[in-house]
């Protein structure tokens, strides 16, 4: 009889536990973890609930995550799914798992898009166009922001718990950055963070916008076996190699004034030689500076062509360039050498041209090309007329056939190397580079699309930059390493 009573007592106790009675001592909610971390790009994570009886999960109402299942019985695995975060600072949420009067809390944390190694000391960069910049702060119970009185270009837009939003005015400068040291203090007056904010004089920094492809050989016309020397299909592809949108208005494409190779001359020298500081150019075509009008999304490209025409209409082996983003166009009064203009495609602004008729890229591959960011307050007239951008001196060389030495004065228009975003030296495979048109810091190598200047197989071939495994463009400032030479033009692939 006593044994039967004991059995019934045990059954009653088990039922009490399973029901999660109101007595907190009767039940316990055990979670496999109290914290779950989620990646900035979203995804899933799991935790385990262990209890006796039925349980439910309460959320805090935020919509950036979901939980499944929201209820259950006994032990079970729960999955949390988070959407990708676009917030700069980390965000968190609380989940409460209840069984009767017992409960346990779990904290979800998703890191933000900005995760500085030391949020108490940060260097912040802002582009010339200005705008808002949200900056992650250390954990705090409130703070105040102190901006130096001489930095009126910088203001506080919003103070959030985990971050502060600063607004920078647009910057119109000759080519100098400006900096302000912003102090963030705790409510007790102690320092929470020091933010060194630097606004660049430009909207694109070196290496962010790259020359991805240069096509200059044109295509042979089937009927003649020759190219159209006056209306050649030539193009550049420039690519945004960053994860953010770039303002590309004011970016210039330039051809070097110094040749990369010569079959008849050698021992080139310049006195003074300023190539470590400046790049001599003989042409400059500029994407119009219309603020905010010419933007390029992350990892997207812009096609800039000689003539935005559909060449396939007259040559089936060619390309349709009528949908280009920009074209270069030279106005001329010489009716024998009239350029072709597509009114539906914006023209580059002509700042310098080495021709009074039509401009075509050198098909003998004797020059280098660069892209540069121009100061927002610089005009074509100021650039061309100012002696500040002229490199003068004496150039000397040796005539290969006779061994005689010659020299002559020179006056090169130039851009400072600090303005250069990317540079590519072009030559032929066999000749290589006799004299680098640029500093080795801009391009320590060269690329090509022909073995020699008489190579008849060069037509239709291009020079295309290599890609890294993650899809970004290779950029070591050495075109020998960075480019695939003499390959089929991408627009023909």
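In the working numbering, the protein residues as written are 4 to 496. Note that the Cβ used here is the ideal one computed from N, Cα and C, for glycine as well. Predicted, not measured: the structure shown is a model, and the values here were computed from it.
- Residue pairing by DSSP places residue 238 opposite 218, 308 in a beta bridge.
- Under the DSSP definition of a beta bridge, residue 491 partners with 464.
- Between residue 488 and residue 450, the C-beta gap is smaller than 7 Å, which places the two residues in contact.
- When beta bridges are read from the DSSP output, residue 139 appears opposite 166.
- Between residue 327 and residue 355 a beta carbon distance of about 22 Å is seen, past the 8 Å cut, so the two are scored as non-contacting.
- Counting the other Cβ atoms within 10 Å of the Cβ of residue 95 gives fewer than 16, which makes it exposed.
- For residue 293, the closest of 384, 120, 254 by C-alpha to C-alpha distance is 254.
- In the three-state reduction of the DSSP assignment, residue 385 falls in the helix class, which pools H, G and I.
- Setting aside the 5 residues that flank it on each side, residue 53 is surrounded in the same chain by 33, 78, each with a C-beta closer than 7 Å to its C-beta; the list follows chain order.
- 7 Å or more divides the Cβ of residue 423 from the Cβ of residue 389.
- Between residue 285 and residue 258, the beta carbon gap of about 6 Å places them in contact (Cβ cut-off 8 Å).
- Listed in chain order, the beta strand (DSSP E) elements of length 3 or more contained wholly in the segment 288-345 are 304-308.
- The C-alpha of residue 168 is placed about 46 Å away from the C-alpha of residue 260.
- The Cβ atoms of residue 399 and residue 410 lie closer than 7 Å to each other.
- The three-state reading of DSSP puts residue 269 in strand, counting E and B together.
- In terms of CA proximity to residue 299, 247 leads the group 385, 247, 463.
- By the neighbour-count criterion, in which a residue is buried when 16 or more other Cβ atoms sit within 10 angstroms of its Cβ, residue 211 is buried.
- Counting along the chain, the unbroken alpha helix (DSSP H) around residue 484 starts and ends at 482-485.
- Residue 189 places its beta carbon 7 Å or farther from that of residue 198.
- Per the DSSP secondary-structure output, residue 450 pairs in a beta bridge with 429.
- If you draw a 10 Å sphere on the C-beta of residue 209, you find 16 or more other C-beta atoms in it, and that means buried.
- Taking 7 Å as the cut-off, the beta carbon of residue 325 is found closer than this to the beta carbon of residue 312.
- Taking the Cβ atoms as the reference, residue 348 lies roughly 5 Å from residue 330, within the contact range of under 8 Å.
- Bridge pairing for residue 50: 81 [DSSP].
- Listed as beta-bridge partners of residue 68 by DSSP are 85.
- Each of 251, 161, 106 was checked against the Cα of residue 131, and the nearest Cα belongs to 251.
- The segment 177-193 makes no contact with the segment 99-116; the number of CB pairs closer than 8 Å stays below 3.
- Your pair residue 462 and residue 140 does not check out as a contact, with CB atoms roughly 59 Å apart and the cut at 8 Å.
- Counting only residues of its own chain and dropping the five nearest sequence neighbours on each side, residue 391 has no CB closer than 6 Å to any other CB.
- The segment 32-46 makes contact with the segment 74-90: 3 or more CB pairs, one atom from each, lie closer than 8 Å.
- For residue 274, the closest alpha carbon among the candidates 412, 432, 48 is that of 412.
- By the neighbour-count criterion, in which 16 or more other beta carbons inside 10 Å mark a residue as buried, residue 416 falls on the buried side.
- Under the three-state reduction of DSSP output, residue 421 falls in the helix class.
- Here the alpha carbons of residue 419 and residue 378 stand approximately 11 Å from one another.
- Between residue 233 and residue 442, the C-beta spacing is not below 7 Å.
- Relative to the Cα of residue 97, the nearest Cα in the group 66, 75, 120 belongs to 66.
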